[in-house]
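With the working numbering, letter number 155 in the sequence shown gets 157, and the count goes up by one each step, no holes.
Cβ atoms here follow ideal geometry from the backbone N, Cα and C, with glycine treated the same way.
All values derive from a computational prediction rather than experimental measurement.
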Amino acid sequence: MSPQGEREPASRDLDPPTLVEWSLGERVAPLILDETRVWIIDLDAGLSPGESAESAEPGPERELLCEDERTRAARFVRPRDRRRFIRCRAALREILGGLLAESAASLRFRAVGQGKPELDQSSESTDSENDRLTLRFNVSHSAELALIAVCRGRELGVDLERVRPISEAARIVDSFFTIAEQSAFALIGREDQSIAFHRGWTRKEAILKALGVGISGLAARHETGFGTTPLTTQFTVATPSGRVGEWILWEAAPRTGFVAALAVRARRSTEPSADAESAGASTSLPASPGSP
Ligand SMILES: CC(C)(COP(=O)(O)OP(=O)(O)OC[C@H]1O[C@@H](n2cnc3c(N)ncnc32)[C@H](O)[C@@H]1OP(=O)(O)O)[C@@H](O)C(=O)NCCC(=O)NCCS
Numbered sequence: 003m004s005p006q007g008e009r010e011p012a013s014r015d016l017d018p019p020t021l022v023e024w025s026l027g028e029r030v031a032p033l034i035l036d037e038t039r040v041w042i043i044d045l046d047a048g049l050s051p052g053e054s055a056e057s058a059e060p061g062p063e064r065e066l067l068c069e070d071e072r073t074r075a076a077r078f079v080r081p082r083d084r085r086r087f088i089r090c091r092a093a094l095r096e097i098l099g100g101l102l103a104e105s106a107a108s109l110r111f112r113a114v115g116q117g118k119p120e121l122d123q124s125s126e127s128t129d130s131e132n133d134r135l136t137l138r139f140n141v142s143h144s145a146e147l148a149l150i151a152v153c154r155g156r157e158l159g160v161d162l163e164r165v166r167p168i169s170e171a172a173r174i175v176d177s178f179f180t181i182a183e184q185s186a187f188a189l190i191g192r193e194d195q196s197i198a199f200h201r202g203w204t205r206k207e208a209i210l211k212a213l214g215v216g217i218s219g220l221a222a223r224h225e226t227g228f229g230t231t232p233l234t235t236q237f238t239v240a241t242p243s244g245r246v247g248e249w250i251l252w253e254a255a256p257r258t259g260f261v262a263a264l265a266v267r268a269r270r271s272t273e274p275s276a277d278a279e280s281a282g283a284s285t286s287l288p289a290s291p292g293s294p
């Protein structure tokens, strides 16, 4: 029985996460316990006629951001990157604000562990605070897309990557994947290696982001494999590794040329996992494959 007195569903009973499109100002439907929803955000959308994503200045989304976020946005040199950051933050605020029935602009965040954002809690124990405690979220962005995954009652992590050639894929696999995974990767044909690498990478990142740690030596602790079965736009259970330790792993290709993985904790809890407690000393490595 869960602390709430309800039967905890076995992981196989969990409904697959649904993927929904985000647009500014749209109503957010409530999320029930154990439900996972993933919003996809087109970061270059919402342009006025004649505007280009390369040069457009941020629109009304900017008004939703706090001072710190605006300062961070101002550090981006390219207008395109500034606008993408602002749209992603605005989406996160609107989604969480909608789920909590609070104003998007008033939400406050804090970073835990190695930088994982969480909703800031006040010291008061009100219904609204309890509501916040059960709401877990994680964000990932790659090029012009972002994913925002939210679950009520379970920790989760999401990772999205645009598939592109990675010249050092084999070296990265040797560094961060298990011996069995290294052998499996070596058997994948050259033409399939890029997609396989990104699938393996996003699977590991999703788990590590759920734990709130960076990609590191810990990556080899979670054997996720690469996955060769076709992906669909909606999330389906990863094969053959749908369950990795305490994580249920889902995968999708939300848009052509992108792959995503989502790790949802198999049991309900707002407490850090045993993995997270022992993960303090991870070494930081490239945040994205091939990044400097
Ligand atoms: C978190 C991390 C895994 C992100 O990897 P990424 O593939 O480049 O980025 P993604 O787009 O998937 O995720 C970024 C988002 O994840 C969230 N995030 C940040 N740190 C996180 C963490 N430790 N765990 C989970 N989520 C995190 C944020 O919402 C961030 O969005 P923002 O950049 O708009 O604030 C990576 O930065 C990392 O390894 N961090 C660990 C700490 C570290 O090494 N810091 C050194 C930075 S120089």
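- Here the region 171 to 187 makes no contact with the region 231 to 238; the two share fewer than three CB pairs at distances below 8 Å.
- When rounded, the separation of the alpha-carbon atoms in residue 64 and residue 189 is 48 Å.
- Just so you know, the alpha carbons of residue 72 and residue 88 end up roughly 8 Å apart.
- Between the beta-carbon of residue 217 and that of residue 207 there is about 6 Å, and that keeps the pair under the 8 Å contact cut.
- In the DSSP assignment, residue 175 falls outside any beta strand (DSSP E) and within the unbroken alpha helix (DSSP H) covering 171 to 178.
- A residue is called buried once 16 or more other Cβ atoms fall within 10 Å of its Cβ, and residue 98 is buried on that count.
- If the five residues before and after residue 139 are omitted, its C-beta is found closer than 6 Å to the C-beta atoms of 152, all from its own chain and listed in chain order.
- Put simply, of 108, 157, 86 and 200 the residue whose alpha carbon is nearest the alpha carbon of residue 262 is 200.
- In this structure, the alpha-carbon of residue 53 lies about 24 Å from that of residue 96.
- Sixteen is the threshold: when 16 or more other Cβ atoms of the shown chains lie within 10 Å of the Cβ of residue 19, as they do, the residue is buried.
- In this structure, 160 is the residue among 29, 182 and 160 with its C-alpha nearest to the C-alpha of residue 119.
- Leaving aside the five residues that flank residue 75 on each side, the residues in its chain whose CB is nearer than 6 Å to its CB run, in chain order, 84, 87 and 88.
- The nearest non-hydrogen atom of ligand 1 is 6 Å or more from the C-beta of residue 79.
- Annotation: the continuous alpha helix (DSSP H) that includes residue 197 extends over 192 to 213.
- DSSP places residue 248 outside both helix and strand once states are collapsed to three, so it counts as coil.
- A direct Cα-Cα distance of roughly 15 Å separates residue 177 from residue 226.
- Partner residues in the beta bridge of residue 267, as assigned by DSSP, are 249.
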